[in-house]
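The next block holds one structure in the form of structure tokens; read it before the comments.
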Amino acid sequence: MISLTINGKPHQLDIDPDTPLLWALRDELHMTGTKLGCGMALCGACTVHLNGSPVRSCSVPISAAAGAKIDTIDGINSAAFQAVQNAWRDLDVVQCGYCQSGQIMSATALLQTNKNPSDADIDTAMAGNLCRCATYQRIRSAIHQAADNLGGKAK
Amino acid sequence: MNFLKRELFKSETDPALANLSRRTFLQAVGAGGGLLIGSGFIAGNAAATAEKSAAQKTAPAFNAFLSISPDSKVTIVVKHLDMGQGVSTGLTSVVAEELDASWEQMHWEFAPADAARYNNLYWGPSQGTGGSSSIANSWMQLREAGAAARAMLVAAAAAQWKVPAEEIRVSKGIISHGNHSSSFGALVARASVLPVPQKPKLKDPKDFQLIGKTIPRKDSADKTSGKAIYTQDIQLPGMLTALVAYPPQIFGKVKKVDAAKAKAAPGVVAVVEFPRGVAVVAENFWAAKKARELLKVEWDLSACETRSSAELFNACHAAANKTGHVVKAEGDAAAVLAQTKNAQVISAEYELPYVTHAAIEPLNCVVKVEQNNCELWFACQMPTVDQQQVAAATGVKPEQVKINTLYAGGSFGRRACPSDYVVDAANIAKQVPGRAVKMVWTREDEILNGRYRPMAVHHIRAVVSGDKAVAWQHHAVAQAILRGTPFEAMIQGPVDGTVAEGIDDMHYAIPNLLVQATEIPIKVSTLWWRSVGHSGNAFVVESFIDQLAKAANKDPVIFRRELLTKEARALGVLNLVAEKSGWGKPLPKGVTRGVAVHKSFGTWVAQVAEVRVNTDKTFKVERVFCAVDCGVAVNPDVIRAQMEGGIGMGLSAALGEAITLNKGVVEQTNYHSYPLLRIDAMPKVEVHIVPSAEMPSGVGEPGVPPIAGAVANALFAATGKPVTKLPLGNTV
Numbered sequence: 094m095i096s097l098t099i100n101g102k103p104h105q106l107d108i109d110p111d112t113p114l115l116w117a118l119r120d121e122l123h124m125t126g127t128k129l130g131c132g133m134a135l136c137g138a139c140t141v142h143l144n145g146s147p148v149r150s151c152s153v154p155i156s157a158a159a160g161a162k163i164d165t166i167d168g169i170n171s172a173a174f175q176a177v178q179n180a181w182r183d184l185d186v187v188q189c190g191y192c193q194s195g196q197i198m199s200a201t202a203l204l205q206t207n208k209n210p211s212d213a214d215i216d217t218a219m220a221g222n223l224c225r226c227a228t229y230q231r232i233r234s235a236i237h238q239a240a241d242n243l244g245g246k247a248k
Numbered sequence: 020m021n022f023l024k025r026e027l028f029k030s031e032t033d034p035a036l037a038n039l040s041r042r043t044f045l046q047a048v049g050a051g052g053g054l055l056i057g058s059g060f061i062a063g064n065a066a067a068t069a070e071k072s073a074a075q076k077t078a079p080a081f082n083a084f085l086s087i088s089p090d091s092k093v094t095i096v097v098k099h100l101d102m103g104q105g106v107s108t109g110l111t112s113v114v115a116e117e118l119d120a121s122w123e124q125m126h127w128e129f130a131p132a133d134a135a136r137y138n139n140l141y142w143g144p145s146q147g148t149g150g151s152s153s154i155a156n157s158w159m160q161l162r163e164a165g166a167a168a169r170a171m172l173v174a175a176a177a178a179q180w181k182v183p184a185e186e187i188r189v190s191k192g193i194i195s196h197g198n199h200s201s202s203f204g205a206l207v208a209r210a211s212v213l214p215v216p217q218k219p220k221l222k223d224p225k226d227f228q229l230i231g232k233t234i235p236r237k238d239s240a241d242k243t244s245g246k247a248i249y250t251q252d253i254q255l256p257g258m259l260t261a262l263v264a265y266p267p268q269i270f271g272k273v274k275k276v277d278a279a280k281a282k283a284a285p286g287v288v289a290v291v292e293f294p295r296g297v298a299v300v301a302e303n304f305w306a307a308k309k310a311r312e313l314l315k316v317e318w319d320l321s322a323c324e325t326r327s328s329a330e331l332f333n334a335c336h337a338a339a340n341k342t343g344h345v346v347k348a349e350g351d352a353a354a355v356l357a358q359t360k361n362a363q364v365i366s367a368e369y370e371l372p373y374v375t376h377a378a379i380e381p382l383n384c385v386v387k388v389e390q391n392n393c394e395l396w397f398a399c400q401m402p403t404v405d406q407q408q409v410a411a412a413t414g415v416k417p418e419q420v421k422i423n424t425l426y427a428g429g430s431f432g433r434r435a436c437p438s439d440y441v442v443d444a445a446n447i448a449k450q451v452p453g454r455a456v457k458m459v460w461t462r463e464d465e466i467l468n469g470r471y472r473p474m475a476v477h478h479i480r481a482v483v484s485g486d487k488a489v490a491w492q493h494h495a496v497a498q499a500i501l502r503g504t505p506f507e508a509m510i511q512g513p514v515d516g517t518v519a520e521g522i523d524d525m526h527y528a529i530p531n532l533l534v535q536a537t538e539i540p541i542k543v544s545t546l547w548w549r550s551v552g553h554s555g556n557a558f559v560v561e562s563f564i565d566q567l568a569k570a571a572n573k574d575p576v577i578f579r580r581e582l583l584t585k586e587a588r589a590l591g592v593l594n595l596v597a598e599k600s601g602w603g604k605p606l607p608k609g610v611t612r613g614v615a616v617h618k619s620f621g622t623w624v625a626q627v628a629e630v631r632v633n634t635d636k637t638f639k640v641e642r643v644f645c646a647v648d649c650g651v652a653v654n655p656d657v658i659r660a661q662m663e664g665g666i667g668m669g670l671s672a673a674l675g676e677a678i679t680l681n682k683g684v685v686e687q688t689n690y691h692s693y694p695l696l697r698i699d700a701m702p703k704v705e706v707h708i709v710p711s712a713e714m715p716s717g718v719g720e721p722g723v724p725p726i727a728g729a730v731a732n733a734l735f736a737a738t739g740k741p742v743t744k745l746p747l748g749n750t751v
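Protein chains in written order, with our numbering: chain C, 94 to 248; chain V, 20 to 751.
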């Protein structure tokens, strides 16, 4: 039995300990906001926060998340997340939208540690998140806007 | 898609087809009859759950495309797949415009598979999405649907208030006259029993309130909260997950299976064979994936390709050196070339690799097969084709195949396919009858079973006399896309039109022009990849034009202008992009510009790329200026988004994408070996839209074709060396 906290609620999972966190979330808990993209931590579609830091949930076995605090797109509710989500909506960043859960989780993590990211900071923090629709320009703009709204003075 | 393009052009110029579209529409909405409240909910809606049906009983359908509920919620039936291109927003806004609804009261849902009502008007009796045709084919159809419903609401108000209909105003969902005022909902009961006007009056475009304005996307909220439901996210009672062991090469077959260990693995419900592979059907993804690794399968690879990429390119070059099928001939290019000394002939040989779609959502499909009934849940791009193919695979009738369409996590052409993955899912599900089965491809499955944009070779020889291009002889060699598929009937003439697509209607006025095309058979699956033949062919033509401009000692923009004097819309985008990019003005040291202009799917796009070449020979595309003329700009922000995305995807392919074969085996497996553009390589993009009152044309694909040529031309300007091969890599 593996115990962990997801979006503020305690969960106990009795599953194969090598099950990736992604599949525990999706198939056991039916939290489907976190997506499968590559299964190898190459695309970032499955990004969640593990104790506040962004991780690729496709490559984290559930056993490694025991006792951890997990936040996912389905339930995260921080000020940074709200600012990011609002900016994403304001600028209509999404196209197909499939990668955007991961993009938003990575952007939220960035703003939680860097209130005033430059374009270069954004490129570094977001380089692990692929978007085949290439919404990258709007992602950059939305992160700057979210930073502004959070009180940082983005360049 | 060339066949779609032809239809598009026809419809722009052929009033008979426009009338046909109109007739089809009026039939679909039940011309003259009028639809009754309560009985008017959309018949045959495969997506309708009991809950939804109940909702629709209280929301009378005014026609096949819209219903209005007593609380004034307007719901549009969207007959096209939204795969990111924003068509759910675009089509909804077209109806809302003529209805004079408020944007907030507008809602939408995907259409069921029902070709009689929801066919693509450019595709005859077939329902489907592609060829950047969604807005274009729906434009009049949905304007009329909205205008008809508005007229019925106004007639109801006129009768109730006893005032002349023509004095009634409708604005942002409020119907008013003098002291009278009503919501749509309050008039629905009376309005929906009135006759459907056959020729509703359409708005004068100068009165448009939503079209041409930036209005927010309808899918943003769900797609930024994890709530949008993709195929991957469908949950059904008792649903199982299937992963497939596919042969290591396309066209391989199962020879022998030892499934004992896989069957005994935890969570496995069944192991089933079907023509293309062996599926492990399990309680969840992880159980299926682990059990799949326990399968022992021997494959019959006798029908598979055995050559490597270098050999295939050699075969293409050999074919290009022979005579091909003539697809365009003006003047006598051969004679001019024969009279020209070899040293004065400008020539180039181009090579383009296979590329794959690689949408972030790997392909997947949920199927439940029961007796005389088959139900699917997936991002369905070609409902009519998929219905037929699934019916054939499962033994039910096409009309017994119900399709619930969901958002696509990208497609770029891949889901508009001859149902390959859909039929696989059906073949698996029919062996587990009564259970919903979600077939999931991993990224590796998706690349291995990709249907790639064909590799291609082009040979061109041309003559410049003084400062003018006087002859151009072009031979395009590529594998066909449609040959050997259910779409083969679309091939007109001996060679698949996608081979020379975008060259066969060469926009540059070259007095002596000969374009030939040859199909080369290769045992690899191919398909349309966003903008199809245009994506590679525009690179070839636009790169070569710059070689000619250099030979003519002319600026590339001026050289193009002189060849485009009869193409007003081409000149429009070229001049706009030249102005906005500051063409001709000085650039920082190390930065050069390149330009390209191309038409696809009725839309003209010109782009200027600014590229910085560093002292270590690495380069970076820093800025791209884009001008687009797509007729009436229905939603400028969606158009800008599609140009930004098209540039990003085209640049991704131009810089780094290639599927290569080693003795017939695809060498790429996942994003480490098939790298996509990441945010750090995305240039700043500035999009400018040419104001136009022309019929709207597509924007999903036309942003892609020019970018590779624009970048190649900037590199040519920097180094003096023509670029003739893709991908470019990251150094000059």
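Note that the Cβ used here is the ideal one computed from N, Cα and C, for glycine as well.
**Study point:** Three-state secondary structure assigned by DSSP to S195 (chain V)
**Key:** Looking at S195 (chain V) - three-state DSSP - the assignment turns out to be strand.
Practice item. Look at the Cβ atom of S562 (chain V), then the Cβ atom of N732 (chain V), and state whether they are nearer than 8 Å. Key: The answer is yes: Cβ separation under 8 Å.
Point to revise | Bridge partner(s) assigned by DSSP for M68 (chain C) | key: Chain C is shown from 94 up to 248; residue 68 (chain C) falls before or after that span and cannot be answered.
Exercise for review: Rank C:W116, C:I99 and C:M94 by C-alpha distance to the C-alpha of K309 (chain V) and give the top, closest one.
Suggested key: Of C:W116, C:I99 and C:M94, the residue nearest in Cα terms is C:W116.
**Study point:** Local Cβ density within 10 Å of D107 (chain C), reported as buried at 16 or more and exposed below that
**Key:** Around the beta-carbon of D107 (chain C), fewer than 16 other beta-carbon atoms lie within 10 Å, marking it exposed.
Review point. Are A289 (chain V) and V451 (chain V) close, meaning C-beta to C-beta below 8 Å?
Key: Less than 8 Å divides the Cβ of A289 (chain V) from the Cβ of V451 (chain V).
Review point. Roughly how many angstroms lie between the CA atoms of Q104 (chain V) and A180 (chain C), to the nearest whole one?
Key: One alpha carbon belongs to Q104 (chain V), the other to A180 (chain C), and they sit about 20 Å apart.
Check your understanding: By the criterion of Cβ-Cβ separation under 7 Å, what are the contact partners of P252 (chain V) in chain C?
Key -> Per the sequence shown, the amino acid found at residue 252 (chain V) is Asp instead of Pro. Near D252 (chain V) (Cβ distances below 7 Å), the residues of chain C are T125.
Review point. According to a CB-to-CB cut-off of less than 9 Å, which residues of the region 223-247 of chain V neighbour chain C?
Key: With the criterion set as a beta carbon lying under 9 Å from some beta carbon of chain C, the members of the region 223-247 of chain V are T233, P235, R236, D238, S239, A240, D241, K242, T243, S244, G245, K246 and A247, in sequence order.
**Study point:** Close Cβ partners of P721 (chain V) (< 6 Å) along its chain, the five nearest in sequence each way excluded
**Key:** If the five residues before and after P721 (chain V) are omitted, its C-beta is found closer than 6 Å to the C-beta atoms of S619, F620, T622 and V624, all from its own chain and listed in chain order.
Review point. Using a Cβ-Cβ cut-off of 6 Å (strictly less than) and excluding sequence neighbours within five positions of Y527 (chain V), which residues of its own chain qualify?
Key: Closer than 6 Å at the Cβ level, and outside the excluded window around Y527 (chain V), lie L582.
Practice item. Check each residue of the region 699-712 of chain V: if its Cβ is closer than 9 Å to any Cβ of chain C, include it; give the result in chain order. Key: For the region 699-712 of chain V, which is checked against every Cβ of chain C, the residues closer than 9 Å are D699, A700, M701, P702, K703 and V704.
Exercise for review: Quick one: using the 10 Å Cβ neighbour count with 16 as the cut-off for buried, is H199 (chain V) buried or exposed?
Suggested key: Only exposed fits H199 (chain V), as fewer than 16 other CB atoms lie within 10 angstroms of its CB.
Check your understanding: Which class does Q535 (chain V) belong to by DSSP, given the choice of helix, strand or coil?
Key -> If DSSP states are grouped into helix, strand and coil, Q535 (chain V) belongs with the strands.
Point to revise | Residues sharing a beta bridge with P113 (chain C), DSSP | key: By DSSP's assignment, P113 (chain C) forms a beta bridge with C:P154.
**Study point:** Which of helix, strand or coil DSSP assigns to A47 (chain V)
**Key:** Only weak support exists for where A47 (chain V) lies, its pLDDT of 28 falling under 50; the value from the coordinates is given anyway. Note: A47 (chain V) maps to helix in three-state DSSP.
Check your understanding: In whole angstroms, what is the alpha-carbon distance linking F332 (chain V) and I379 (chain V)?
Key -> The alpha-carbon separation between F332 (chain V) and I379 (chain V) amounts to approximately 29 Å.
**Study point:** Reference A167 (chain V); option with closest CA among V:Q687, V:L85, V:S190 and V:E705
**Key:** When only C-alpha atoms are compared, the closest one is V:L85.
Practice item. Establish whether the CB of C264 (chain C) and some CB of chain V are separated by less than 8 Å. Key: Because chain C here runs from 94 to 248, residue 264 (chain C) falls outside it and cannot be looked at.
Exercise for review: Determine whether the Cβ of F60 (chain V) lies closer than 8 Å to any Cβ atom of chain C.
Suggested key: Below a pLDDT of 50, predicted positions are generally treated as unreliable, and F60 (chain V), at 26, falls in that range; no measurement from the model is reported.
Review point. Does the distance from the CB of I666 (chain V) to the CB of I708 (chain V) come in under 8 Å?
Key: Here I666 (chain V) is not near I708 (chain V), since their CB atoms are 8 Å or more apart.
Point to revise | Residues near G350 (chain V) by beta carbon distance below 6 Å, same chain, minus five either side | key: Answer for G350 (chain V): P530 and N531, listed in chain order.
Check your understanding: Can you find a C-beta in chain C that's less than 8 Å from the C-beta of E586 (chain V)?
Key -> No, no contact with chain C.
Exercise for review: Taking the CB atoms as reference points, tell me whether R502 (chain V) and Y690 (chain V) lie closer together than 8 Å.
Suggested key: Contact flag unset, no.
Point to revise | chain C contacts from the region 293-311 of chain V (Cβ-Cβ distance under 7 Å) | key: Correct list: N303, F304 and W305.
Exercise for review: Could you tell me the distance, in whole angstroms, from the CA atom of C151 (chain C) to the CA atom of P144 (chain V)?
Suggested key: Rounded to whole angstroms, the separation of the alpha carbons of P144 (chain V) and C151 (chain C) is 43 Å.
Review point. Taking only beta-carbon atoms, is K246 (chain C) less than 8 Å away from chain V?
Key: Residue placement at K246 (chain C) is poorly supported in this model, since its pLDDT is 48, which falls under 50; the coordinates still yield a value, given next. So no, K246 (chain C) is outside the interface.
Review point. Does K29 (chain V) get closer than 8 Å to chain C when you measure Cβ to Cβ?
Key: Since pLDDT at K29 (chain V) reaches only 32, below the 50 mark, its modelled position is unreliable, and the value read off the structure follows with that caveat. Not closer than 8 Å to any Cβ of chain C, the Cβ of K29 (chain V) fails to qualify, so no.
Check your understanding: P267 (chain V) to V684 (chain V), Cα distance in whole Å?
Key -> C-alpha separation (whole angstroms): 7 Å.
Check your understanding: Within the chosen definition, does the region 268-288 of chain V reach the region 539-558 of chain V through at least 3 CB pairs nearer than 8 Å?
Key -> For the pair of segments examined, the region 268-288 of chain V was found to touch the region 539-558 of chain V: the number of CB pairs separated by less than 8 Å reaches three.
Exercise for review: Report the residues of the region 182-200 of chain C with a CB closer than 7 Å to any CB of chain V, ordered along the chain.
Suggested key: Residues R182, D185, V187, Q188, C189, G190, Y191, C192, Q193, S194 and I197.
Exercise for review: Determine the burial state of D405 (chain V): buried for a count of at least 16 other Cβ atoms within 10 Å of its Cβ, exposed for fewer.
Suggested key: Label assigned to D405 (chain V): buried.
Review point. Among V:K275, V:K237, V:A490 and V:L255, which has the Cα closest to the Cα of Q363 (chain V)?
Key: Comparing Cα positions, the closest option is V:A490.
Check your understanding: Which bits of chain A does Y426 (chain V) rub up against, with CB to CB less than 9 Å?
Key -> The question asks about chain A, but that chain is absent: this structure's protein chains are C and V.
Review point. When you compare only the Cα positions, how much space is there between T112 (chain C) and S156 (chain C)?
Key: Near 8 Å, if we compare the C-alpha coordinates of S156 (chain C) and T112 (chain C).
Review point. To the nearest angstrom, how far is it from the Cα of V640 (chain V) to the Cα of C335 (chain V)?
Key: Straight-line Cα distance between these residues: approximately 31 Å.
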